[in-house]
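I have placed the structure first, in the form of structure tokens, so that the comments after it can refer back to it.
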Amino acid sequence: MSHNIVVIGPSKVGKTALVASLAHSANVISYAFRDEDVNVRCLPNNNYTRSFFNQSMDIIKYNKITFPGTATIFDYEITLEAPHIEATFVDRIMSLIGIGEPKQCIINFPDAPGGALFPGDNDEYDDAVNNNFRATIVSRLKTTHGLMICLDASYLRPNDKDEYDIKSVALAFTKWLPDVFHEILQEESKTTLNIKRVCFVLTKSDLWAHLNNLGDNAYSSVVNRNAYIHAKDILGAQFFHTIRQYFDEDTEFSFCMSSVFGFHNGRVNNHFLANMDKRIENVEQIDISVNDWKPYNVIEPFIHLLNGDNIDNRIIEKTWHQMGE
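So for the sequence shown, this note's numbering puts the first residue at 35; every next one is plus one.
Take a look at the structure:
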């Protein structure tokens with residue numbers, strides 16, 4: 035089985051922005067660990083992935099990452115190179131003799147209109163495109179080592195009277211993920227998937243903080259927020275108890291809060307805030323440089339899926355038996 039990572043999730047969850055910001059995030063973390071001589075790299079493996087990365091830098095000029103709609107499937111492929119950032123002496127010895135966790139993997143991100151894997155949750159759904167996209171996803175998941183599932187953290191809005199959004203996304207996850215997993219198991223004549231690590235990434239955590247009036251203390255609120263509890267509050271504990279049945283009992287599960295835009299002086303980064311969500315109005319934007327754009331938990335969950343590193347203990351780890359508790 036290859037050391038690959040596949041990224042999936044519903045439409046409008048922020049998958050595209052997350053993956054597009056990987057190269058910049060790798061540069062940020064490499065600089066943060068420069069004294070340890072750590073070099074993390076994300077290398078595009080095809081032309082449209084290269085263009086994808088270049089386009090993401092428009093975030094500084096235009097305050098947001100924007101990508102045109104597409105009527106086809108883009109299979110983005112990225113090589114992630116990441117040594118153990120917090121390697122022990124034993125880790126280094128094992129690496130020298132060629133055993134232990136890998137230092138490199140391929141990130142596969144098949145993208146299509148509206149995400150396409152969760153049909154019915156967007157107005158861009160197309161039967162023909164979805165069928166091709168689903169076939170691509172199924173093929174990737176059969177052999178992948180790591181699976182990243184994106185979930186929009188901002189769905190959790192206690193002050194909202196209308197809970198339609200959160201019920202809708204919970205239904206989509208409950209319906210479509212097991213359906214895809216069933217198809218793989220049926221085609222492979224197996225009872226569990228080959229996947230060894232699964233990470234639920236709670237995207238748009240800065241938007242969650244803002245919508246819940248935590249903007250002035252956004253960074254500390256996100257850092258101290260338990261991502262597993264957050265995910266359960268959206269999808270329900272039963273979902274996680276059910277989903278574990280598709281994996282071996284030695285599968286490692288993890289959860290993390292994430293923000294492509296990051297934070298500025300402990301607060302939500304106002305340079306991007308007005309473009310995060312249509313509900314946000316009358317926000318005074320600040321000008322920043324590329325050095326002020328510091329994504330939060332963007333590259334880290336990918337590194338965790340690659341080699342198990344839990345940088346600064348930002349990632350909540352769960353065993354198979356703990357899922358749904």
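For each residue, glycine too, the CB sits at the ideal point set by N, CA and C.
Rounded Cβ spacing between residue i and residue j (contact assumed at less than 8 Å)
i    : j    : result
L114 : L340 : 6 Å
F296 : P335 : Checking the sequence shown, residue 296 turns out to be Gly, not Phe. Rounded, the Cβ-Cβ distance is 15 Å, inconsistent with contact.
E217 : V172 : 6 Å
I25  : D343 : Residue numbering for the chain in the displayed model covers 35 to 359; residue 25 lies beyond these limits and cannot be assessed.
F281 : L248 : The pair is not a contact, with the Cβ atoms about 34 Å apart (cut-off 8 Å).
From the options, residue whose alpha carbon lies closest to that of residue i
i    : options                : result
F167 : S59, D186, F143        : F143
V294 : Y110, I93, H37, F67    : I93
F108 : Q89, N88, I200, N81    : N81
K16  : I350, L269, G43, H355  : No answer is possible for residue 16: it lies beyond the span of the chain, which begins at 35 and ends at 359.
V41  : N347, W354, A243, I333 : I333
N325 : T178, L190, Y65, D250  : Y65
T225 : E283, A206, V62, S254  : E283
Q220 : V257, K176, D250       : K176
S90  : N246, A51, R75, A146   : A51
V72  : I39, K137, S85, D250   : K137
C184 : D145, K49, D250, N331  : K49
A271 : N165, E359, E70        : E359
Q279 : N164, H355, E222       : H355
CB contact flag (residue i, residue j, <9 Å)
i    : j    : result
L241 : S292 : no
V53  : I141 : yes
I119 : F67  : yes
K266 : D186 : no
C139 : H298 : no
Y253 : R174 : no
M357 : I277 : yes
Q273 : T208 : For clarity, residue 273 is Phe in the given sequence; the question names Gln instead. Their beta carbons are under 9 Å apart, which means F273 touches T208 by this criterion.
V203 : P44  : yes
P117 : V74  : yes
L236 : A261 : yes
I39  : T178 : yes
V257 : R348 : yes
N303 : W327 : yes
For the stretch 280-295 against the stretch 227-236, do three or more pairs of beta-carbon atoms, one drawn from each stretch, fall closer than 8 Å, so that the two count as touching?
yes
Can we say the stretch 212-226 touches the stretch 57-71, given the rule of at least three CB pairs closer than 8 Å?
Short answer: they don't touch.
Alpha helix (DSSP H) runs wholly inside the stretch 255-300, at least 4 long, in chain order
261-269, 271-277
Suppose only complete runs of 4+ residues qualify. What are the alpha helix (DSSP H) ranges in the stretch 69-99, listed by chain order?
The DSSP assignment places 81-90, 93-96 as complete runs of the alpha helix (DSSP H) inside the stretch 69-99, in order along the chain (cut-off: 4 residues).
Jot down the residue ranges of each uninterrupted alpha helix (DSSP H) in the stretch 208-260, minimum 4 residues, whole runs only, in chain order.
239-245, 252-257
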